[in-house]
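To keep things clear, I will list the structure first and then write my remarks on it.
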Amino acid sequence: MTTLRTSRSGRAGQYLALLCYLVFLAFPFLWLISTAFKPPRELGSLHPTWIPKDPTLENFRQAFDEQPLLQAAGNSLIAALSAALIAVVIATPMAYVMARNRGKLSTAATGWVVISQAFPFVLVIIPLFLILKNLHLINSLFGLIMVYVVWSLPFALWMLVGYVRAVPRELEEAASVDGAGRVRTLVSVTAPLLAPGIVATALFAFITAWNEFFFALVLLKTPEKQTLPVVLTHFLGAEGVADLGPLAAAAFLATIPSLVIFAIIQKRITGGMLAGAVKA
Amino acid sequence: MTLATATPRSRKRSEPKGTDRKQTDYGAWFLVLPALIPILVLSVGPLLYGISLAFTDSQAGRTEPTAWIGTLNFQDLLHDTLFWDSFRIGLLWAIGVSVPQFLLALGLALLLNQNLRFRWLARALAIVPWAMPEVVVGIMWRLVYNPDAGILNETIRNLGLGEGRDWLTGLATALPAVIVVGIWAGMPQTTVALLAGLQNTPHELHEAAALDGAGAWRRFRTVTWPALKPVALAITALNFIWNFNSFALVYVLTNGGPGGRTRLPMLFAYEEAFRYGQFGYAAAMGCVMVAVISVMLALYLVGRLKGGDEQ
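Chains A and B, in that order, give the protein sequences. Following the numbering used here, the numbering of the first sequence begins with 92 at its first residue and continues without gaps. Following the numbering used here, the numbering of the second sequence begins with 5 at its first residue and continues without gaps.
Printed below as a string of structure tokens:
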């Protein structure tokens with residue numbers, strides 16, 4: 092290992108680069124938090140400071156007064172939770188087939204997963220808008236949930252296929268040698284091993300739906316139906332003149348659920364990717 | 005949004021062929037149908053419908069039935085300078101984000117692959133842009149760029165570099181300003197993907213090369229890069245595609261302004277479809293975008309196949 096040791100000045104340069112990266116990553120987020128806690132007087136000051144002199148929760152109260160944030164969060168929660176659950180329930184069996192069988196079906200499904208990453212959504216949303224309009228599902232969370240399910244499927248499939256492949260086939264074969272039927276093998280051997288992967292996939296699908304904006308913008312028309320990201324844009328007002336304090340407060344609140352969930356599953360996602368890359 | 009797709013996961017070569025049990029075939033269909041039906045009804049179907057709409061005069065609120073008009077929309081598009089402006093801006097934006105992002109992320113991945121203290125902090129912070137709703141990222145950077153109350157101009161003033169400016173509404177600065185946000189938002193994904201690729205490089209090769217007296221640059225060129233190339237190609241192609249198709253970030257930051265300087269193709273198509281109700285015309289724009297993206301996708305697939313062959 093001694094041959095790979097970096098010189099002392101090289102090390103210092105590396106730490107400097109790391110510091111620059113950390114600052115670049117952190118400063119906009121810290122600024123958002125700082126703005127969220129500033130009273131109007133400080134927001135109007137021509138010399139803004141990093142740390143609010145008179146930190147206040149007033150912006151949060153005002154944010155809830157100005158826009159139906161709780162209702163929007165409820166809508167987001169319903170949409171994201173339903174979409175994540177449905178997506179995982181229907182994706183898991185398909186992912187199992189894709190991972191274990193090598194038919195045309197698996198190839199086509201894999202192809203679709205890759206190609207669907209490249210759709211410009213406008214090409215899908217116009218026909219979906221027309222179809223959902225005919226079904227009277229515009230401005231309905233149900234219509235949005237259906238769109239989110241299909242929209243999160245490619246990635247859910249991709250993650251789940253990886254998790255299925257990680258379950259050794261030999262375990263299933265051993266169970267069937269012991270006389271367990273196919274369904275029993277799946278339920279008692281494969282499913283428990285797959286459970287953590289399924290949970291991680293569901294959480295990821297939840298976050299993507301929670302954060303989604305474009306479909307929600309097009310499909311939801313009235314404020315009482317809209318999801319959190321769409322309602323957040325109402326804070327920007329006409330001509331982009333915004334009330335900075337409440338805007339920052341609402342934006343900060345909207346991020347917390349995603350951050351918490353992501354912190355929980357982050358290791359699994361990056362860990363899974365690392366494992367996948369090493370095994371590939 | 006989706007990231008792990010960037011990791012090429014070629015099939016295991018060692019797996020013996022013919023282990024698939026024949027009797028599972030019908031069962032397989034049964035297991036696949038719950039997902040297959042929604043995919044066909046809500047994804048593949050609308051996509052084909054969308055392509056066919058591009059050849060019609062479909063409009064919002066029309067009373068007479070929609071008519072088939074052949075390639076008229078595409079002929080109109082050819083002469084629509086506003087569309088080609090947005091197309092050019094889309095390319096500038098996609099390249100402007102993807103290329104610097106790749107270079108920065110590569111440097112970072114190499115850095116984070118070292119045994120540095122505070123690596124965990126970088127990893128923990130990387131969650132923030134990754135998990136944030138794009139709308140919030142846009143709002144956050146508007147606060148940073150705010151001409152009076154923003155931290156950017158205040159920093160510029162404090163450093164004595166002038167009075168700062170209104171970044172997002174300046175004709176010259178708007179596009180670079182949104183590009184910086186795009187780079188910020190996508191850095192973690194790209195870095196993690198490249199880091200995953202780096203872990204792929206056999207450490208022994210590095211040591212052997214070092215023993216042979218190869219310097220850092222030669223070790224990178226001869227050992228690291230060949231192993232990293234498939235991942236690098238895949239993530240860059242995907243980044244390009246995602247950025248070219250992106251909407252929410254720029255919608256929140258500038259809504260395409262000033263004077264269309266940041267009007268990405270998606271913003272243009274969105275306005276055409278949902279503000280002016282020109283469904284057929286907007287669908288044609290979508291088709292042109294697909295054509296361009298297909299080229300990138302082909303590159304990505306070739307990269308993936310090559311990556312599979314090399315291993």
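Heads up, the beta-carbon is just placed ideally off N, CA and C, and yes, glycines get one too.
Quick one: list the residues of chain B neighbouring residue 207 (chain A), beta-carbon separation under 7 Å, in chain order.
For the purposes of this step, residue 207 (chain A) is taken as the residue at position 116 of the first sequence. Here the neighbours are 47.
Between the CA atoms of residue 238 (chain B) and residue 305 (chain B) - distance to the nearest angstrom
Taking the first residue of the second sequence as position 1, residue 305 (chain B) is located at position 301. Taking the first residue of the second sequence as position 1, residue 238 (chain B) is located at position 234. Going by C-alpha positions, residue 305 (chain B) is about 8 Å away from residue 238 (chain B).
Chain A contact residues for residue 188 (chain B), given Cβ-Cβ distances below 9 Å:
The residue you call residue 188 (chain B) lines up with position 184 of the second sequence. Simply 115, 116 and 119.
Element boundaries [alpha helix (DSSP H), containing residue 274 (chain B)]
Numbered from 1 along the second sequence, position 270 holds the residue referred to as residue 274 (chain B). Looking at the DSSP string, the run of the alpha helix (DSSP H) that includes residue 274 (chain B) is 269-278.
Could you confirm whether any beta carbon from chain A is found closer than 9 Å to the beta carbon of residue 90 (chain B)?
Here residue 90 (chain B) is taken as the residue at index 86 of the second sequence, counted from 1. Taking Cβ atoms only, chain A never reaches closer than 9 Å to residue 90 (chain B), which makes this a no.
Can you tell me which of B:134, B:106, B:245 and B:58 puts its alpha carbon nearest to the alpha carbon of residue 78 (chain B)?
Taking the second sequence and counting its residues from 1, the one referred to as residue 78 (chain B) is at position 74. Ranking B:134, B:106, B:245 and B:58 by Cα distance to residue 78 (chain B) puts B:58 first.
Which partner residues of residue 324 (chain A) appear in the DSSP bridge assignment?
Here residue 324 (chain A) corresponds to residue number 233 of the first sequence, with the count starting at 1. Under DSSP, residue 324 (chain A) forms no beta bridge with any residue.
Other residues of its chain near residue 27 (chain B): CB distance less than 8 Å, five sequence neighbours each side excluded:
Working through the second sequence from its first residue, we reach residue 27 (chain B) at position 23. Note on residue 27 (chain B): pLDDT 49, under 50, position unreliable in the model; the coordinate value appears next. Setting aside the 5 residues that flank it on each side, residue 27 (chain B) has no residue in the same chain whose C-beta is closer than 8 Å to its C-beta.
Does any heavy atom of the ligand GTP sit closer than 8 Å to the C-beta of residue 31 (chain B)?
You won't find the ligand GTP in this model; it holds no ligand whatsoever.
Could you check whether residue 50 (chain B) and residue 219 (chain A) sit closer than 9 Å to each other, using their CB atoms as the reference points?
Taking the first residue of the first sequence as position 1, residue 219 (chain A) is located at position 128. Taking the first residue of the second sequence as position 1, residue 50 (chain B) is located at position 46. Result yes, Cβ atoms of residue 219 (chain A) and residue 50 (chain B) sit closer than 9 Å.
Thinking C-alpha only, which one of A:99, A:260 and A:235 is nearest residue 277 (chain A)?
Sequence index remark: in the first sequence, residue 277 (chain A) carries index 186 (1-based). Between residue 277 (chain A) and the set A:99, A:260 and A:235, the nearest pair of CA atoms involves A:260.
With a threshold of 16 other CB atoms inside 10 Å of the CB of residue 144 (chain A), please say whether the residue is buried or exposed.
In the first sequence, counting from the first residue as 1, residue 144 (chain A) sits at position 53. Of the residues assessed, residue 144 (chain A) falls on the exposed side of the cut-off, its CB having fewer than 16 other CB atoms within 10 angstroms.
Bounding residues of the alpha helix (DSSP H) (the contiguous stretch that carries residue 207 (chain B)):
Position 203 of the second sequence holds residue 207 (chain B). According to the DSSP assignment, residue 207 (chain B) belongs to the alpha helix (DSSP H) that extends over 207-215.
Given this structure, state the Cα-to-Cα distance separating residue 172 (chain B) from residue 273 (chain A), to the nearest angstrom.
For the purposes of this step, residue 172 (chain B) is taken as the residue at position 168 of the second sequence. For the purposes of this step, residue 273 (chain A) is taken as the residue at position 182 of the first sequence. In a straight line, the C-alpha of residue 172 (chain B) is about 60 Å away from that of residue 273 (chain A).
Measure the beta-carbon distance from residue 341 (chain A) to residue 175 (chain A) and round it to whole angstroms, keeping in mind my assumption that it falls under 8 Å.
As a position in the first sequence, residue 341 (chain A) is number 250, starting the count at 1. As a position in the first sequence, residue 175 (chain A) is number 84, starting the count at 1. Not confirmed; about 23 Å, so no contact.
For the segment 336-356 of chain A, enumerate the residues whose C-beta is nearer than 7 Å to any C-beta of chain B, in chain order.
Here the close residues are 338, 339, 342, 345, 346, 349, 350, 353 and 354.
Are residue 198 (chain B) and residue 113 (chain B) close, meaning C-beta to C-beta below 9 Å?
By 1-based counting over the second sequence, the position of residue 198 (chain B) is 194. By 1-based counting over the second sequence, the position of residue 113 (chain B) is 109. Taking 9 Å as the cut-off, the beta carbon of residue 198 (chain B) is found closer than this to the beta carbon of residue 113 (chain B).
Run of the alpha helix (DSSP H) containing residue 77 (chain B), from where it starts to where it stops
As a position in the second sequence, residue 77 (chain B) is number 73, starting the count at 1. Element bounds for residue 77 (chain B): 76-82.
Write down the C-beta distance between residue 156 (chain B) and residue 265 (chain B) rounded to the nearest angstrom, noting that I regard them as a contact closer than 8 Å.
Indexing the second sequence from 1 puts residue 156 (chain B) at position 152. Indexing the second sequence from 1 puts residue 265 (chain B) at position 261. That pair is no contact at about 19 Å.
What does the alpha-carbon distance come out to for the pair residue 167 (chain A) and residue 297 (chain A)?
Counting from 1 along the first sequence, the entry for residue 167 (chain A) is found at position 76. Counting from 1 along the first sequence, the entry for residue 297 (chain A) is found at position 206. Rounded to the nearest angstrom, the two C-alpha atoms are 10 Å apart.
Using a Cβ-Cβ cut-off of less than 9 Å, list which residues of the segment 72-101 of chain B approach chain A; keep chain order.
Answer in chain order: no residues at all.
Label residue 100 (chain B) either buried or exposed according to how many other C-beta atoms from any shown protein chain fall within 10 Å of its C-beta, with 16 as the threshold for buried.
Looking up residue 100 (chain B) in the second sequence gives position 96. Classification for residue 100 (chain B): buried.
Could you list the residues in the segment 238-270 of chain B with a C-beta less than 7 Å from some C-beta on chain A, going in chain order?
Result list: 242, 245, 249, 251, 252, 256 and 270.
Under a three-way DSSP split, which group does residue 72 (chain B) fall into?
Numbered from 1 along the second sequence, position 68 holds the residue referred to as residue 72 (chain B). In this structure, residue 72 (chain B) counts as strand in the three-state DSSP scheme.
9 Å is my cut-off, CB to CB: does residue 59 (chain B) come that close to chain A?
Within the second sequence, residue 59 (chain B) is the residue found at index 55, counting from 1. No, its Cβ sits nowhere closer than 9 Å to a Cβ of chain A.
Quick check on the DSSP output: the alpha helix (DSSP H) that includes residue 297 (chain A) runs from which residue to which?
For the purposes of this step, residue 297 (chain A) is identified with residue 206 of the first sequence, where counting begins at 1. That run of the alpha helix (DSSP H) goes 282-302.
Within the 9 Å Cβ cut-off, does residue 230 (chain A) reach chain B?
Position 139 of the first sequence, counted from the start, is the residue given in the question as residue 230 (chain A). Judged by the 9 Å Cβ criterion, residue 230 (chain A) is not in contact with chain B.
Which residues in chain B have a C-beta closer than 7 Å to the C-beta of residue 241 (chain A)? List them in chain order.
For the purposes of this step, residue 241 (chain A) is identified with residue 150 of the first sequence, where counting begins at 1. The contacting residues are 42, 43, 46 and 47.
State the Cα-Cα distance for the pair residue 68 (chain B) and residue 184 (chain B), rounded to the nearest angstrom.
Taking the first residue of the second sequence as 1, we reach residue 68 (chain B) at position 64. Taking the first residue of the second sequence as 1, we reach residue 184 (chain B) at position 180. Distance between the alpha carbons of residue 68 (chain B) and residue 184 (chain B) is about 47 Å.
Could you confirm whether any beta carbon from chain B is found closer than 9 Å to the beta carbon of residue 150 (chain A)?
As a position in the first sequence, residue 150 (chain A) is number 59, starting the count at 1. With its beta carbon at least 9 Å from every one in chain B, residue 150 (chain A) lies outside the interface.
Reduced DSSP category for residue 12 (chain B) - H, G, I as helix; E, B as strand; rest coil
Reading the second sequence from its first residue, position 8 is the one you call residue 12 (chain B). Note on residue 12 (chain B): pLDDT 42, under 50, position unreliable in the model; the coordinate value appears next. Secondary structure at residue 12 (chain B): coil, using DSSP grouped into helix, strand and coil.
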